[in-house]
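J.:
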Amino acid sequence: MKSLFGKNRFGGALLAFMTMVLVGGATVPVRAEVRLSQVFGSHMVLQREKPLPVWGWADPGEKVTVQLGTATATATANDQGEWKVVLPAMPAGGPYTLTVTGSNTVQCEDVMLGEVWLCSGQSNMELGVGMADHAKEEIAAADHPMIRLLMVSNRWSPRPETNITDHWKICSPQTIAEGGWNGFSAVAYYFGRDLQQKLGVAVGLIDADWGGTRIESWTPPEGFAAVPGLSKEYQQVQLADPKSSLHQERLAGVLDDTEKWVAAARQAMQDRQSVPPMPTYPEELLPPHDVQNRTALFNGMIYPLCPFALRGAIWYQGESNNGEGMYYFERMKGLIGGWRQIWGEGDFPFYFVQIAPYNYGNDTKAQAEAEIWEAQARSAQDIPNTGMAVINDIGNLRDIHPRDKQDVGHRLALLAFAGTYGETNLVCSGPTFKSLTVEGDHLRLNFTNVGGGLASRDGKPLTWFEVIDADTGGFVPATATIDGASVVVSAPGVKHPVAVRFAWSMMAEPNLMNAEGLPASAFRAGEMPQRDPLAQIPEVKDYQLVYDLDLSQLGPNFKYSVDHHDKINGPLARVAYLMELRGDDGDTHYVYASMDAFTDDAGKIGVPTVASGAQFQQLVKHLNVYSNVKDVVTGTNLDGNIEFWPNNFAAENTANVPNASSDTFDFGDHPSDPADGYGCLQIHNYQARQTLLALNHWREGQKADLGLGNQPQGNPDWTFANNAGSYAGGRLRVFVLPR
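Numbering (numbering that gives the first Met the number 0), first residue to last: 0 to 738.
The structure is reproduced here in structure tokens:
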């Protein structure tokens, strides 16, 4: 029978049970007491002006009556022992007593009707009042009996849990500092304090967060299912769900394989032969088994709360998904849409914090955080009834947990006052980019949410604006001047600006704000210049494109965007390679190298794989090089060599390549076992002792080795560079000139 507890509650809800005890040698059933879900309790706040679901457990078939004030509702427990009633919407007020009557009576005292908000995310939401700024003073002043606190214990689960173990508390200096990470969530508390003081009603805050966690762990299956961009992840969720047909089909195949193995093993034992390896159980069929697994935290900490009536949710998370760029927008759609679907209250308000600037160090490309800021801004723009609090002016580049949580909570409250509580003439956001127009060698940037006018926070010239020229170079710092509701930007030497970016770095703490003191968010706009190096390479007009590979798609099963090798017939005269790498400044650097053909098999001139059979360590003739990379030697009829193989390789110069070293990885290495190993695609000018282009270890995706020219430090041929993720983009094209 379908569970009563909420829209789309899963199977596996807690079954009502009959305890059997032994009395005088006979077993007799003991009647189960009526119980309430633990999300209900004394001192709680129920959401005003909304229908109020109340649920719990009793004996199957037992009649249960719930009363709050003059409102009553009755339900009968289903065959799983679950019951649920829905009380009518009520105005703010209290205190009330909630009474539940069945075979026994349960009462919740001091119940208020007011505003209820779910507060969730990772460590910056979890960080308690005791760790935030002015902790001692704030804790001492936290005597707010009209604010009620429910802190949900950290718990992940392989399946949806039906209850919590926590209790509502009245906000006081003692309770605000209890539990959690040095107390109740500071962001949630300061948000709730602003609401309570302005609205004058009771505010209930549900603190459900866990530091270091990823958004997908908080997302319900419904959220993955509803977002096409998350279809692959939804498939994984289904595979891990024993109730899904996908899981059943896959498991049936596993059982068939296992039965065949058992038969083969028995025969081998009978024949006194070696038993073949036993099939392993696929990990994809396991339910969530780690805090970071999809749905694990939703199961343990969010599902038990549903369908407790809410006004909305606030969210502070993203650091653990940094590096996913615009994919985080898909994840936000899944999280928000999924929560809204399971609550069944429509598009309830969802306000969130844009993560703060922070120096992640050399292991993360500088643009990664800007790209997740872009995804968060897109979420606020495209997902209905949402808003984003920008905090790039109150972060700490040396601390991923900035301690000013008062302003964070206040900015979230501003969004709620304007978006949820209908306050008009309230500026709740900083300047938001609207449009761009080109005015000669200047760009005019138009903004909304300018409030009392655009301003510089510190009175100094505006910072963190960059522009790029249509013809040459990358992004360069720009001079920016306020002109009404616009900012006009330009840069020396940039005669034809076509694109702009603002605060596009993890280190960016820009000073553009409105007169109300709210900062502008990072953005980029305009058309990035399309500069194809082929225009600078005259000989390539006679060549045919064979392969085209987007280097951001590297991995164990990479695919070419163009693969014409099976269309190349006849002997080859020459082969050419063009590698482009785009830096964080938006500029594209390239090396083009063509040479006399070293094979007539077009299937062996791409990235060398075991399947292709490509393996070359040899000199090449008539090497022509074109490049815009500093220090790369260009020219025609140069002396060169190639190193192509899928193998591991060693530094010894067993091929006796001129000028090569046997002590470092350069242009004189040799392949070794295993054949399906590290992998190497390199072209060199051995006369100049120079690597021209290198693509190694492509199976590792963003940790592959990519480079043009010699690596400045370490191995000249970029072995062990692990740097593919440091580029904003890259491309490899392979051409041939038929004989």
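Every residue, glycine too, gets a C-beta built ideally from N, C-alpha and C. Only a predicted model underlies this, so the values are computations on that prediction, with no experimental measurement involved.
Taking buried to mean at least 16 other C-beta atoms within 10 Å of its own C-beta, is residue 373 buried or exposed?
T.: Its Cβ being crowded by 16 or more others within 10 Å, residue 373 is buried.
J.: Judging by CA-CA distance, which residue of 155, 561 and 321 is the nearest neighbour of residue 300?
T.: 155
J.: For residue 444, which residues of its own chain have a beta-carbon under 7 Å away from its beta-carbon, when the five flanking residues on both sides are left out?
T.: 432, 435, 485, 486, 488 and 499
J.: How about residue 40 and residue 99: do their beta carbons lie closer than 8 Å?
T.: In this structure, residue 99 does not lie closer than 8 Å to residue 40 by Cβ.
J.: My parser needs the beta strand (DSSP E) runs of 3 or more residues fully inside the segment 627 to 712; what are they?
T.: 634 to 644, 647 to 649, 669 to 671, 679 to 684, 689 to 695 and 704 to 707
J.: Within this structure, are the beta carbons of residue 748 and residue 545 separated by less than 8 Å?
T.: Residue 748 lies beyond the stretch modelled for the chain, which goes from 0 to 738, so this question has no answer here.
J.: Taking only three categories from DSSP, how would you classify residue 441?
T.: strand
J.: In its own chain, which residues sit with a C-beta less than 7 Å from the C-beta of residue 285, not counting the 5 before and 5 after it?
T.: 239
J.: Report yes if the CB atom of residue 209 is closer than 8 Å to the CB atom of residue 128, and no otherwise.
T.: no
J.: Just the C-alpha distance for residue 311 and residue 526, rounded to the nearest angstrom, thanks.
T.: 38 Å
J.: Run the proximity test for residue 301: is its beta-carbon closer than 7 Å to any non-hydrogen atom belonging to the ligand COA?
T.: This structure lacks the ligand COA, and indeed carries no ligand of any kind.
J.: In chain order, what residues of the same chain have a beta carbon less than 6 Å from the beta carbon of residue 532, not counting five sequence neighbours either side?
T.: Closer than 6 Å at the Cβ level, and outside the excluded window around residue 532, lie 589.
J.: Identify every residue that forms a DSSP beta bridge with residue 562.
T.: 546
J.: Would you check if the distance between the CB atom of residue 666 and the CB atom of residue 595 is smaller than 8 Å?
T.: Contact: no.
J.: Tell me, please, which residues DSSP counts as bridged to residue 427.
T.: Looking at the DSSP assignment, residue 427 forms no beta bridge with any residue, so it has no partner.
J.: Ignoring anything shorter than 3 residues or poking outside the segment 53 to 122, list the beta strand (DSSP E) runs there in chain order.
T.: 62 to 67, 70 to 75, 81 to 86, 92 to 100 and 104 to 120
J.: Please report the Cβ distance between residue 391 and residue 518, rounded to the nearest whole angstrom; I am assuming they are in contact, meaning their Cβ atoms lie under 8 Å.
T.: 6 Å
J.: Where do the ends of the alpha helix (DSSP H) carrying residue 195 lie?
T.: 185 to 198
J.: The alpha helix (DSSP H) spanning residue 328 covers which residue range?
T.: 326 to 342
J.: Which residues in the same chain as residue 131 place their Cβ atom closer than 6 Å to its Cβ, once the five residues preceding and following it in sequence are excluded?
T.: 185, 402 and 404
J.: Which residue's Cα is closest to the Cα of residue 215: 319, 247, 638 and 269?
T.: 319
J.: Please classify residue 583: does DSSP put it in a helix, a strand, or coil?
T.: coil
J.: With C-beta atoms as the reference, is residue 206 less than 8 Å away from residue 118?
T.: yes
J.: Going straight from the alpha carbon of residue 329 to that of residue 248, what length do you get?
T.: Linking residue 329 to residue 248 through their CA atoms gives a straight-line distance of about 28 Å.
J.: Relative to the alpha-carbon of residue 219, which residue among 683, 292 and 57 has its alpha-carbon at the smallest distance?
T.: Of the candidates 683, 292 and 57, the residue whose Cα lies closest to the Cα of residue 219 is 292.
J.: With burial defined as no fewer than 16 other Cβ atoms inside 10 Å of the residue's Cβ, what is the status of residue 261: buried or exposed?
T.: exposed
J.: Express the C-alpha separation of residue 426 and residue 452 in angstroms, rounding to a whole number.
T.: Taking the CA atoms as reference points, residue 452 sits about 11 Å from residue 426.
J.: In whole angstroms, what separates the C-alpha of residue 267 from that of residue 277?
T.: 13 Å
J.: For residue 409, name the three-state secondary structure that DSSP assigns.
T.: The answer is helix: DSSP assigns residue 409 an H, G or I state.
J.: Applying the criterion that 16 or more other CB atoms from any shown protein chain within 10 Å of the CB defines a buried residue, is residue 143 buried or exposed?
T.: buried
J.: Below 8 Å on the Cβ atoms is my guess for residue 38 versus residue 396; work out the distance and round it to an integer in Å.
T.: Contact doesn't hold; Cβ gap of about 39 Å is too wide.
J.: Rounded to the nearest angstrom, what separates residue 515 and residue 455 at their Cα positions?
T.: One Cα belongs to residue 515, the other to residue 455, and the distance between them is close to 11 Å.
J.: By DSSP, does residue 813 sit in helix, in strand, or in coil?
T.: Coverage of the chain is limited to positions 0 through 738, which leaves residue 813 absent and any answer about it impossible.
J.: Going by DSSP, what residues sit across from residue 34 in a beta bridge?
T.: 56
J.: Any chance the segment 89 to 96 sits against the segment 165 to 181, with 3 or more Cβ pairs inside 8 Å?
T.: no
J.: Can you name, in chain order, every residue of its own chain whose Cβ lies under 6 Å from the Cβ of residue 376, other than the five neighbours on each side?
T.: 520
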